[in-house]
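I have placed the structure first, in the form of structure tokens, so that the comments after it can refer back to it.
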Amino acid sequence: MRCPVIIIFFLGFFATLILESKATADEKSIQYCPVNQRAVMGSVGGIFDQSSRVGKEQAIAVEMAVHDFNRWSHCSNLALHSQDSKGNSARAVSAVTELVNKKQAQVIIGQLTLQEATLLWDFDKVAKDIPVISTVPTATSPPFLPSQPPSFIRMTTDTTLQMQGIAAIIGQFRWRRVIAVYEHSNSFSADSGLITHLADSLWAVEAGLEYYSAFPRVVSQTNPQKFIEEELSKLRTKNIKVFTVLQASLEFAVMLFEKAKKLGMMNKGYVWIVMSDVANLLDSVQSSVLLNHMQGVIGLKTKYLDTSDSFRTFELRFRRRYGSEYPEEEKHSSPSIYALQAYDATWALAKAIQKSEKNGLQNSTNLGNSILSSNFEGLSGIVSFKNGALLQKPVYQLVNVIGKSYQEIAIWSPDEFGLSEDRIKGDGTNIRIGHEYGKTWDLGTIIWPGGQLAVPKGMELGSTAKPLRIGVPAKGAFNQFVNVTFDQLSNETTITGFTIQVFDAVVKRLPYHLHYVLVPYSGSYDQMVDEVHNKSFYAAIGDIEIMANRYEIADFSQPYLDSGLVMVVAVKPDTIATKILVLKAFKLSMWTIMAAMTMYTGVTIWLYEHANENPDFGGTFPQNIRTMLWYSVTVLSFANRETIRSNLSRLVLQTWLFVTLVVTACFTASVTTLMTSPRNKPSIGDIDYLLATNAPVGCNGNSFIDRFLIDALHFRPENIRKIGSLSEYPGKFESGEIKAAFFVAPHAKIYLAEHCKGYTMAGPSIKLGGFGFVFQKGSPLAADISEAILKVTQTGTIDELEKHMFSFSTCSSSSTGGDHDQGQGPDGVGIEPFFVLFLVSGGLLALASLNAILRLLKKHLANHGFINGRVLRWASLLLARAFTKSGTTLLRKTPIIQRPNNEINMHRNELEPDLRAIELATNVLS
Numbered sequence: 001m002r003c004p005v006i007i008i009f010f011l012g013f014f015a016t017l018i019l020e021s022k023a024t025a026d027e028k029s030i031q032y033c034p035v036n037q038r039a040v041m042g043s044v045g046g047i048f049d050q051s052s053r054v055g056k057e058q059a060i061a062v063e064m065a066v067h068d069f070n071r072w073s074h075c076s077n078l079a080l081h082s083q084d085s086k087g088n089s090a091r092a093v094s095a096v097t098e099l100v101n102k103k104q105a106q107v108i109i110g111q112l113t114l115q116e117a118t119l120l121w122d123f124d125k126v127a128k129d130i131p132v133i134s135t136v137p138t139a140t141s142p143p144f145l146p147s148q149p150p151s152f153i154r155m156t157t158d159t160t161l162q163m164q165g166i167a168a169i170i171g172q173f174r175w176r177r178v179i180a181v182y183e184h185s186n187s188f189s190a191d192s193g194l195i196t197h198l199a200d201s202l203w204a205v206e207a208g209l210e211y212y213s214a215f216p217r218v219v220s221q222t223n224p225q226k227f228i229e230e231e232l233s234k235l236r237t238k239n240i241k242v243f244t245v246l247q248a249s250l251e252f253a254v255m256l257f258e259k260a261k262k263l264g265m266m267n268k269g270y271v272w273i274v275m276s277d278v279a280n281l282l283d284s285v286q287s288s289v290l291l292n293h294m295q296g297v298i299g300l301k302t303k304y305l306d307t308s309d310s311f312r313t314f315e316l317r318f319r320r321r322y323g324s325e326y327p328e329e330e331k332h333s334s335p336s337i338y339a340l341q342a343y344d345a346t347w348a349l350a351k352a353i354q355k356s357e358k359n360g361l362q363n364s365t366n367l368g369n370s371i372l373s374s375n376f377e378g379l380s381g382i383v384s385f386k387n388g389a390l391l392q393k394p395v396y397q398l399v400n401v402i403g404k405s406y407q408e409i410a411i412w413s414p415d416e417f418g419l420s421e422d423r424i425k426g427d428g429t430n431i432r433i434g435h436e437y438g439k440t441w442d443l444g445t446i447i448w449p450g451g452q453l454a455v456p457k458g459m460e461l462g463s464t465a466k467p468l469r470i471g472v473p474a475k476g477a478f479n480q481f482v483n484v485t486f487d488q489l490s491n492e493t494t495i496t497g498f499t500i501q502v503f504d505a506v507v508k509r510l511p512y513h514l515h516y517v518l519v520p521y522s523g524s525y526d527q528m529v530d531e532v533h534n535k536s537f538y539a540a541i542g543d544i545e546i547m548a549n550r551y552e553i554a555d556f557s558q559p560y561l562d563s564g565l566v567m568v569v570a571v572k573p574d575t576i577a578t579k580i581l582v583l584k585a586f587k588l589s590m591w592t593i594m595a596a597m598t599m600y601t602g603v604t605i606w607l608y609e610h611a612n613e614n615p616d617f618g619g620t621f622p623q624n625i626r627t628m629l630w631y632s633v634t635v636l637s638f639a640n641r642e643t644i645r646s647n648l649s650r651l652v653l654q655t656w657l658f659v660t661l662v663v664t665a666c667f668t669a670s671v672t673t674l675m676t677s678p679r680n681k682p683s684i685g686d687i688d689y690l691l692a693t694n695a696p697v698g699c700n701g702n703s704f705i706d707r708f709l710i711d712a713l714h715f716r717p718e719n720i721r722k723i724g725s726l727s728e729y730p731g732k733f734e735s736g737e738i739k740a741a742f743f744v745a746p747h748a749k750i751y752l753a754e755h756c757k758g759y760t761m762a763g764p765s766i767k768l769g770g771f772g773f774v775f776q777k778g779s780p781l782a783a784d785i786s787e788a789i790l791k792v793t794q795t796g797t798i799d800e801l802e803k804h805m806f807s808f809s810t811c812s813s814s815s816t817g818g819d820h821d822q823g824q825g826p827d828g829v830g831i832e833p834f835f836v837l838f839l840v841s842g843g844l845l846a847l848a849s850l851n852a853i854l855r856l857l858k859k860h861l862a863n864h865g866f867i868n869g870r871v872l873r874w875a876s877l878l879l880a881r882a883f884t885k886s887g888t889t890l891l892r893k894t895p896i897i898q899r900p901n902n903e904i905n906m907h908r909n910e911l912e913p914d915l916r917a918i919e920l921a922t923n924v925l926s
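Here it is as structure tokens:
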């Protein structure tokens, strides 16, 4: 145990030596006045709230700065006169008046707000020109005050920049709405402009301010804890769970989080964001408070250089001085950024006073301008002013309270409107959130209130104790959408169905929690919408059609199922279609090509056999034509009497017979399918027939359809039969009580799925709004549900649920389709399945017909050689190349000999080479 004590002793000893050496070095830099110059005195007035942590720190920091300046320069000694405002604006104004008029203070420094300074200038004209350096942590310009006068100087940056940081956090985590909490900065005005700045910043990230609550200053209340608890109890009933503390003293923040913890507002699902006036003082908060009341809080902490030698020296001196004046806070005596700013501000005014005295310009205006012209690097950063505020924009650390301390998560700067990566852990627990201008940031793990790791959704509609009441139809005709059952044994009501499944899937996509309870409603759909309008229900779900008259009193979501008004009628046999059933086995194109190919096959075989001098294919020209046509007809039935002698003809015929065999088999199958399929058609074709004949029609009596039939389609009310359940429709049709039934399209699909035989849709479909969910007018849930519906639809979830809803049906899809499917059955077969067979057979036919033409040409030339030899030789050459690709070496070239036509018959021997060439080409083709 002695070793630690000895180590601590030596550490303290060496620290003292360091301070003494530093003091010695400072002594060397002290400016001594010449003998002929006298010391000039400057008077500084200080206003501090000694009841707050910031006031205590700044008071000590200003005293240290005055002491250090007086040691540094004996020519311009400063006299500091401090007053304690005790957090009261009236005392602060009165103290400034006393300091200016009695102590002749040349400059006022401390916790004086712009509102308080404005009041001071209205009552004291002398103090109006005195420069005031405000060290208030939160600096804003209220909207009702005039522009900031030159004599008022803020030792902070505009809070608007920090509001952008809060908005950046809100935008990164996709929270929609927030609640703001803040403490009044003075006793005169509740509106400091914070709410306006926050609302503007939130608008830039597509978020909004739901509610705000302003608290009086802690020092101005007799029982602040009771008041805070009462206000938090009101805020707890709000749906929004994201709270941001805009402006607060450390004392108020500690009370706030203690009461929030007591009321359960530090549990899972809540979010608390604090600004720098609280986050900058986290090092001063007791570890027990952080551990027990502030776990999961995130905030923006001003970043500054805390590793320099000058800061370490100042910190050591400050801790010793603060601990001696406030022994009860000795363990948490580290200086905050506000102490550093007060120290730097004091040096700025001290140098300005010194400069004014040397230049002989001792008026307040010159002194204020001299302060504004300051430009040096202090403990808090660069001290330079623009428009009466610090020029250097701050950089903030996003910190997260964890355990007895906090950890840095990210960095935020006004120059980059977003969160930038600061440190990344390699344990795989980091989360990626948000984007800004196409960037993404990896943030360290954040532990939210209640120890939650997942990002809270930030909003809850309803609560476990008081859930939202959502109505559902209890007596709908189609229980596939909403089915309400009551178990008498367990005394429990169960609500299931397609719509319920869709709503559950949609709710899971909401960016917040929705606490609700489904309440069966026995009235009509219109009455249920009225109950939503009357606020008896927060919303209503079911197979509710979106109609214009309903939209006037309630909001609807995006339709989750398309709809339209359709007519369902009984079917009757289609006698005309039955009579021509065989012709529908093939399409027209198939019948056409079969006839053409059959004719072509007969003609080709006749030509080839005729060219080969088959006596069965001879005769006169009229006989040849008749034989050719007859052979084309009888080639498939083997009724021809002619004998085929050529092998090529046999190949062509066998190929075509194989094709016809395959086609015949497919024809048989197609006819069988057609004969076994019902050949029905709608008993009523359109609505005009119903109107002309005054035919009775049926519809769901609990829906809008009866009114729509009267108002839009002009049916007579006495011709409309209201039907209560789905099972009643078949009996009404069979008895002739109704000739047609009108459904919305999803209901028609259900009916046809259960009664797929005997009924079909007929006539056009009248477009409607679709099925949607009903909400109260202005409900924010309507837009969020619509967005979630689109997400669920794009994932295919609704389509899968719809398929599951029809899984009970044993009917084919064509049975529930519509009038076209019911009336025509399957389509005929086209040429596509037989394309390759037709191509092979057609190729053989072309080859055989060409061969036959060449043979007939040869024979014709032998009998009537009137064609020029040169032309004949080239024709033979081209034909041989086209079919054999063997070149032209077999053909002999001969010179062109011009002969009169009357000498051709006398020189037949000269045509022998040409005849041999034709014979060669013919043999190659055969």
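Note that the UniProt record's numbering has the sequence shown beginning at 1, numbered continuously upward.
Just so it is clear, CB atoms sit at the ideal spot from N, CA and C, and this is done for glycine as well.
query = Rounded to a whole number of angstroms, what is the C-alpha to C-alpha distance between Val603 and Leu674?
reply = The sequence position of residue 603 within the sequence shown is 603, counting from 1. The sequence position of residue 674 within the sequence shown is 674, counting from 1. Roughly 34 Å between the two C-alpha positions.
Close-in-space but distant-in-sequence residues of the same chain around Phe742 (CB under 7 Å, 5 per side omitted) = In the sequence shown, the residue the question calls residue 742 occupies position 742. Counting only Cβ-Cβ distances below 7 Å, and skipping sequence neighbours, we find Leu565, Met567, Val697, Cys699, Ile705 and Leu709.
message = Count Cβ pairs between the segment 219 to 237 and the segment 252 to 262 that sit closer than 8 Å; are there 3 or more?
response = yes
query = Do you know how far the Cα of Lys56 is from the Cα of Ser364?
reply = Taking the sequence shown and counting its residues from 1, one reaches residue 364 at position 364. Taking the sequence shown and counting its residues from 1, one reaches residue 56 at position 56. Approximately 28 Å, taken between the alpha carbons.
ask   = Just to confirm, are Phe667 and Ala585 a CB contact at a threshold of 8 Å?
value = Translated into the one-based positions of the sequence shown, residue 667 becomes position 667. Translated into the one-based positions of the sequence shown, residue 585 becomes position 585. Contact flag set, yes.
query = Going by C-alpha distance, which of Ala474, Val100, Ser85 and Ser73 is nearest Ser43?
reply = To locate residue 43, count along the sequence shown from 1; it is residue 43. Taking only the C-alpha atoms, the option nearest Ser43 is Val100.
ask   = Does the beta-carbon of Lys858 have 16 or more other beta-carbons within 10 angstroms, so that it is buried, or is it exposed?
value = The residue labelled residue 858 in the question sits at position 858 within the sequence shown. Flag for Lys858 reads buried.
request  = Report yes or no: do three or more beta-carbon pairs, one from the segment 321 to 339 and one from the segment 470 to 483, lie closer than 8 Å?
outcome  = no
message = Using 8 Å as the cut-off, can you tell me whether the segment 287 to 300 makes contact with the segment 238 to 258, which would need three or more C-beta pairs spanning the two stretches below that distance?
response = yes
task = With a threshold of 16 other CB atoms inside 10 Å of the CB of Asp798, please say whether the residue is buried or exposed.
result = By one-based count along the sequence shown, residue 798 stands at place 798. Sequence inspection shows Ile at residue 798; the Asp mentioned does not correspond to that position. It is buried - the Cβ of Ile798 has at least 16 other Cβ atoms within 10 Å.
Rounded separation between Lys732 and Lys757 - CA only = Here residue 732 is taken as the residue at index 732 of the sequence shown, counted from 1. Here residue 757 is taken as the residue at index 757 of the sequence shown, counted from 1. Whole-angstrom Cα-Cα distance: 16 Å.
key: Residue burial classification, Arg154 (beta-carbon count within 10 angstroms, cutoff 16)   = Within the sequence shown, residue 154 is the residue found at index 154, counting from 1. When all chains shown are included, Arg154 counts as buried.
key: Buried or exposed (CB count within 10 angstroms, at least 16 for buried), Pro833   = Here residue 833 refers to the residue found at position 833 when the sequence shown is read from its first residue. Result: exposed.
ask   = What is the C-beta distance between Leu235 and Ile179, in whole angstroms, given that I count them as a contact (C-beta under 8 Å)?
value = Position 235 of the sequence shown, counted from the first residue, corresponds to residue 235. Position 179 of the sequence shown, counted from the first residue, corresponds to residue 179. So it is a contact: roughly 6 Å between Cβ atoms.
request  = Could you check which residue in Ser308, Tyr211, Gln225 and Gly381 has the C-alpha nearest to that of Gln392?
outcome  = If you number the sequence shown from 1, residue 392 lands on position 392. Closest option to Gln392, Cα to Cα, is Gly381.
task = Tell me whether Val218 is buried or exposed, calling it buried when 16 or more other Cβ atoms sit within 10 Å of its Cβ.
result = On the sequence shown, residue 218 is found 218 positions in, with the first residue counted as 1. Buried, since its Cβ has 16 or more Cβ neighbours within 10 Å.
message = For the pair the segment 196 to 205 and the segment 157 to 172, tell me if three or more CB-CB distances fall below 8 Å.
response = yes
message = Quick check: the Cα distance between residue 929 and Ala783, rounded to an integer number of angstroms?
response = The displayed coordinates of the chain run from 1 to 926. Any statement about residue 929 would go beyond what the structure contains.
key: Minimum C-alpha distance to Leu854 - residue among Phe498, Phe775, Lys86 and Tyr608   = By 1-based counting over the sequence shown, the position of residue 854 is 854. Ranking Phe498, Phe775, Lys86 and Tyr608 by Cα distance to Leu854 puts Tyr608 first.
query = Do Tyr338 and Gln50 have their CB atoms nearer than 8 Å?
reply = As a first step, residue 338 must be located in the sequence shown, where it is residue number 338. As a first step, residue 50 must be located in the sequence shown, where it is residue number 50. Not in contact: Tyr338 and Gln50 (Cβ atoms no closer than 8 Å).
query = Is the segment 113 to 125 touching the segment 382 to 402 in the sense that three or more CB pairs, one from each, lie closer than 8 Å?
reply = no
query = Closest by CA to Ser151, which one among Asn369, Ser185, Asp124 and Glu210?
reply = Start at 1 with the first residue of the sequence shown, and residue 151 comes out as number 151. The shortest Cα separation from Ser151 among Asn369, Ser185, Asp124 and Glu210 belongs to Asn369.
ask   = Among Val774, Lys803 and Leu161, which residue has its Cα nearest to the Cα of His533?
value = As a position in the sequence shown, residue 533 is number 533, starting the count at 1. Of the candidates Val774, Lys803 and Leu161, the one whose C-alpha sits nearest the C-alpha of His533 is Val774.
request  = Taking only the alpha-carbon atoms, compute the straight-line gap between Glu408 and Arg321 and give it to the nearest angstrom.
outcome  = What you label residue 408 is simply residue 408 of the sequence shown in a count that begins at 1. What you label residue 321 is simply residue 321 of the sequence shown in a count that begins at 1. Whole-angstrom Cα-Cα distance: 29 Å.
inquiry  = Under DSSP, the beta strand (DSSP E) around Ser384 begins and ends at which residues?
reply    = Reading the sequence shown from its first residue, position 384 is the one you call residue 384. Segment Ile382 to Lys386, the beta strand (DSSP E) holding Ser384.
request  = Can you give me the Cβ contacts of His747 inside the same chain, cut-off strictly under 6 Å, excluding the 5 residues immediately before and after it?
outcome  = In the sequence shown, residue 747 corresponds to position 747, counting from 1. Excluding positions up to five away in sequence, the list reads Phe478.
task = With distances taken Cα to Cα, identify the nearest neighbour of Leu80 among Ala92, Trp72 and Val66.
result = Translated into the one-based positions of the sequence shown, residue 80 becomes position 80. Nearest option by C-alpha distance: Val66.
request  = Tell me whether the beta-carbon of Lys241 lies closer than 8 Å to the beta-carbon of Val271.
outcome  = If you number the sequence shown from 1, residue 241 lands on position 241. If you number the sequence shown from 1, residue 271 lands on position 271. Yes; because the gap between Cβ atoms is below 8 Å, this pair is in contact.
query = Looking only at its own chain, which residues have a Cβ that is under 8 Å from the Cβ of Ser524, when we skip the five neighbours before and after it?
reply = Against the sequence shown, residue 524 aligns to sequence position 524. Result list for Ser524: Asn702 and Ser703, in chain order.
At least three beta-carbon pairs within less than 8 Å, the segment 591 to 600 to the segment 759 to 777 = no
message = Would you say Ser557 lies against chain C (beta-carbon separation less than 8 Å)?
response = You won't find chain C in this structure, because it holds only one protein chain.
ask   = By Cβ distance below 7 Å, which residues in the same chain neighbour Leu690 in space, the five residues on each side in sequence not counted?
value = If you number the sequence shown from 1, residue 690 lands on position 690. Same-chain partners within the cutoff: Ile684, Val697, Lys739 and Ala740.
key: Best match in Asp688, Arg469, His513 and Ala90 for proximity to Trp175 [C-alpha to C-alpha]   = The count along the sequence shown starts at 1 and reaches residue 175 at position 175. Out of Asp688, Arg469, His513 and Ala90, His513 has the C-alpha closest to the C-alpha of Trp175.
task = Reducing DSSP to helix, strand and coil, say where Glu545 ends up.
result = The count along the sequence shown starts at 1 and reaches residue 545 at position 545. DSSP places Glu545 in strand when its eight states are reduced to three.
request  = State the start and end residues of the unbroken beta strand (DSSP E) segment that holds Glu737.
outcome  = Residue numbering aside, residue 737 sits at position 737 when the sequence shown is read from its first letter. No beta strand (DSSP E) holds Glu737; DSSP gives it neither H nor E.
Boundaries of the alpha helix (DSSP H) in which Asp344 is found, first to last residue = Translated into positions along the sequence shown, residue 344 becomes position 344. Counting along the chain, the alpha helix (DSSP H) containing Asp344 begins and ends at Ile337 to Asn359.
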